[in-house]
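As they're listed, the protein sequences go chains L and X. Each residue of the first sequence is one higher than the one before, starting from -19 at the first, in the numbering used here. Each residue of the second sequence is one higher than the one before, starting from 294 at the first, in the numbering used here. For glycine and all other residues, C-beta sits at the position ideal for the given N, C-alpha and C. Report on one structure; see the data block that follows.
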Amino acid sequence: MMDQSRETWITGIGLLSSLGEGVEVHRSRLNSGDVPVTDFSAFPTFLIHPLGAIDFDKQIPKKGDQRQMELWQRIGVYTAGLALTDAGVAGNEDLLKRMDMIVAAAGGERDVKVDASVADELRTANNPEARLNERLQSELRPTLFLAQLSNLLAGNISVVHGVVGSSRTFMGEESSGVQAVQTAHARIRAGQSDLALVGGAYNAARPDMLGLWEFAQMHYRDEFKPLFAPDRKPGMATGTGSAFLVLESRQHAEARGAKPIAKITHVDSARAKRSSSGSIAETVGTLFAGARKQSPNAGAIYSTASGVEPATAEEAGVLKAQNLPVRAVASRVGQTFESMFVFGIAFAALAVAEGKLPAAMPGVPLETQGADGVQSILISTVGHWRGEGIGVVEAI
Amino acid sequence: MTNKAFRDSSGRPIVVVTGMGLVSSLGQGKQDNWAKLVAGVSGIHRIKRFPVDGLRTTIAGTVDYLFDQPVSAPVLSERLASLAAEEAVAQSGAGSKGNFPGPLFCAVAPVEVEWPQRRALAAEADPAQPYTPEVALQISARGKHPEWHELFLYGTVADHLADTFGTKGMPISISTACASGGTAIQLALESIRRGESDAALAVGTDGSVHAEALIRFSLLSALSTHNDPPEQASKPFSKNRDGFVMAEGAGALVLESLEHATTRGAKILGVVAGCGEVADSFHRTRSSPDGKPIIACLKHALSDSGMTPDDIDHINAPGPSTPENDKMETVGLTAVFGERAKQIPISSNKSMIGHTLTAAGAIEAVVSLMTIEHQRIPPTINYAIPDPALALDVVGNTARDAKVRNIISNSFGFGGQNVCLVLSGDPA
């Protein structure tokens, strides 16, 4: 029924995580089960998935550009570059000029040493508010402000890679990533866009962000255990990483001879009333029903479950009822918030392109083996605090 | 959906506005704001919310009449948005109370833990030990402030608004810096054009004037330091303009397909005829000196609305009163409108309201549609020393009656963000 020329093809993937960088590293480590990479030492008692050494020069050649960004933006801009390169779009001014961009973002790094030092002094200062003004004026770096602004990840992608067709930044934790993909997909399908870059980035090695999750004691603080393992304690093990996709109308991809990796055939999002018990399960169940109607031959599920309860337990109930092999994204790269759904789409695209699911995590009943030849994968996102979403990725 | 009268020249659903709400430092409600805007009243005043000791800029257009005690930025942003949306939804009559028949697109300022919380955490730590980031994390992890987690999530303001107004689906929270309000309207327009919904609520809100926010903009030399008298600080297009004045407020618009609005007999306030967007890759905070992105953005908006430069009767300028932005806007307008650029009346609401940052695009869209309704253009106040380099027909100091059918309302922001909206009176 749908005009096939308006299918949403994935023609480029950029990945950066604790597993390494690029599509090939991720594919091989996921397939062989050589995951995860975790660390307890940076923030004792908090388990995170850390980023290895990155040679940022490879995607952000100007040191001046790198200096204008903090790590969050650098890894995002770097990974966006990987996606553009993968799609054969990088450096092609004609294409970049009309390429749309939706970035899912929160905010960037603060100078936490300055923050703590100021808060320390204000405990005993005579006129604390005046002293706050004084210290902020002398110790805040002007460039740091720009490194913090949500929309400056997109802004830096424009500056470094030249993506200028349009630039929109969605906020709102996990949901923003779902909505970035959902909006780009809807625009392509409706003929409002032909070529789009979508993605997000997160730096987990930030004490201030750990503190934000820990206000509600939501971070994972135990030895690594995969999501959905029966004896796993609640909490999210956050991960540093970034995922970007180049999405393209089939017509546009074919016209320029771009090789598709997979296609997105369905994205939906919802908002459960989390104050009532069981509402997450009900909402996720409805999303699954809609997605399975769209793709009756779905052969597996990628879940981006965070590990925060009750969200993950309620999602697990729905997953079990689907009777399909499940793979948890966060068990492999950690919880990356805004880019979580994008990681899920990317991993699913790699799997359907090969017709092969990654190795299952030992000790997780939901992660069953699964047959070869998988053609369609569902991606489920249940935000740690709010927001549910689903996507369908199919082989081409 | 087959009636041609409900479609534009490209065959897309015509999208109209059926409700609007506005809150600013001038007051609450669009009638109150309009009366003050056409009278040339400024909402800029000396900051009372926090001590301004030692600050280079001591003025802002804060909204101080909603809370007795200081509140966090997301709390004020939510309240501002809620008041504007309430006014818009009530006027439109779409849906029923707490049951708005479409999605929410909410432009909202980025959030983060603020100084009162940082200081409260430090006060809970052992005073005998130095307070470090590691200690801050340990204190945070005691779990004594679970509500701060939700307060400082980026999706919270929009989520609460979705609860209040019963909008459909997961709301989208947007940040495109000073273009955010325009982007919210653009996303609503695109969604209705795609046929995803018959109605959408677009909101821009910003209640984030606090000491650190002010200092950050001040360190970028973006703010006016003409502190005395405050009401004369924001002077767009003047030769002595020296920066913008931070301000707070919210604008809300109910967008609806013409067909839906007509079917239910709603009063139509105007048309969102089209939108243009282009990003600028020149610099993080500065426009490309050749003006090409602004020019392309203006052209896209005209072409999207099926209009030519000759169709535009008035320009609602971003006009933030910074030396750079007002100049670059003039470069863009001159390139697109040619000689007519000098004849199309242009005005900047920021001369009176100040720069409401995330909210500005939405507020200015509301003012633009009121301009069409009243056939009267609010002035750019403080236009005492016109900048001869800006060859524009600035509506200086006093409101002007004019025949206004189509307005282009522009928003340009940090990060290379450019959004232009074309707003019209009656559906064509």
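Contact of L:Gln117 with chain X is assigned, a C-beta pair being separated by under 8 Å. Contact annotation: L:Ala329 and L:Ile(-7) have beta-carbon atoms nearer than 8 Å. By the C-beta density criterion, L:Lys253 is exposed, having fewer than 16 other C-beta atoms within 10 angstroms. A straight-line Cα-Cα distance of about 18 Å links X:Ala481 and X:Thr555. Counting only runs of at least 3 residues, the region 376 to 459 of chain X fully encloses the following beta strand (DSSP E) elements, listed from N- to C-terminal order: 397 to 401.
Between L:Pro16 and L:Arg312, the C-beta gap is smaller than 8 Å, which places the two residues in contact. Under the three-state reduction of DSSP output, X:Ile307 falls in the coil class, being neither helix nor strand. By DSSP's assignment, L:Lys243 forms a beta bridge with L:Trp(-11), L:Glu374.
Residues of the region 181 to 197 of chain L whose Cβ lies closer than 8 Å to any Cβ of chain X, in chain order: Pro187, Asp188, Leu190, Gly191, Leu192, Trp193, Glu194, Phe195, Ala196, Gln197. Scanning X:Ala400, X:Val659, X:Asp452 for the CA closest to the CA of X:Ala477 turns up X:Ala400.
L:Val344 and L:Ala375 do not touch by the CB rule: their CB atoms are close to 25 Å apart, not below 8 Å. Contact between the region 401 to 421 of chain X and the region 513 to 532 of chain X is absent: fewer than three C-beta pairs spanning the two stretches fall below 8 Å. For the region 27 to 61 of chain L, the set of residues with a beta-carbon nearer than 7 Å to any beta-carbon of chain X comprises Gln48, in chain order.
Rounded to whole angstroms, the gap between the alpha carbons of X:Pro367 and L:Asn277 is 44 Å.
X:Gly497 is positioned such that its CB atom lies closer than 8 Å to that of X:Gly474. Taking C-beta atoms as the reference points, X:Ala566 and X:Asn699 count as a pair closer than 8 Å. The three-state reading of DSSP puts L:Glu289 in coil, since its state is none of H, G, I, E or B. With a contact defined as Cβ atoms closer than 8 Å, L:Leu62 and L:Leu(-5) qualify at about 7 Å. Contact annotation, X:Gly312 with X:Val688: C-beta distance approximately 27 Å; criterion of less than 8 Å not satisfied.
Nearest to L:Ser130 by C-alpha distance, out of X:Ala415, X:Gly654, X:Ala492, X:Val404, is X:Val404. In the structure shown, X:Glu570 falls within a strand segment according to DSSP collapsed to helix, strand and coil. Along the region 289 to 322 of chain L, the beta strand (DSSP E) occurs as fully enclosed runs of 3 or more residues at 306 to 308, listed in sequence order.
If you draw a 10 Å sphere on the C-beta of L:Arg47, you find fewer than 16 other C-beta atoms in it, and that means exposed. Residue pairing for L:Ala250: DSSP places it in a beta bridge opposite L:Glu368. X:Tyr676 and X:Val538 have their alpha carbons spaced roughly 15 Å apart. About 6 Å separates the beta carbon of L:Ala181 from that of L:Trp52, a gap short enough to meet the 8 Å contact definition. DSSP, reduced to helix, strand and coil, places X:Val715 within a strand of the structure shown. The alpha carbon of X:Pro522 has as its nearest neighbour, out of X:Ile637, X:Glu549, X:Thr351, X:Ile465, the alpha carbon of X:Thr351. Taken atom to atom, the span from the alpha-carbon of X:Pro363 to that of X:Gly354 is near 15 Å. With a beta-carbon spacing of about 38 Å, X:Asp456 and X:Pro529 fall beyond the 8 Å limit used to define contacts.
Separation of X:Ala559 and X:Glu666 (C-alpha to C-alpha, rounded to the nearest whole angstrom) is 16 Å.
The region 578 to 593 of chain X and the region 706 to 720 of chain X touch, with three or more beta-carbon pairs separated by less than 8 Å.
Its Cα nearest to that of L:Pro214, the residue L:Ala196 stands out among L:Ala196, L:Leu225, L:Gln231.
Contact check between the region 484 to 497 of chain X and the region 644 to 654 of chain X: three or more CB pairs, one atom from each, fall below 8 Å, which counts as touching.
Leaving aside the five residues that flank L:Asp91 on each side, the residues in its chain whose CB is nearer than 8 Å to its CB run, in chain order, Glu119, Leu120, Arg121, Leu124. Interface annotation, X:Phe707: in contact with chain L, CB-CB separation under 8 Å.
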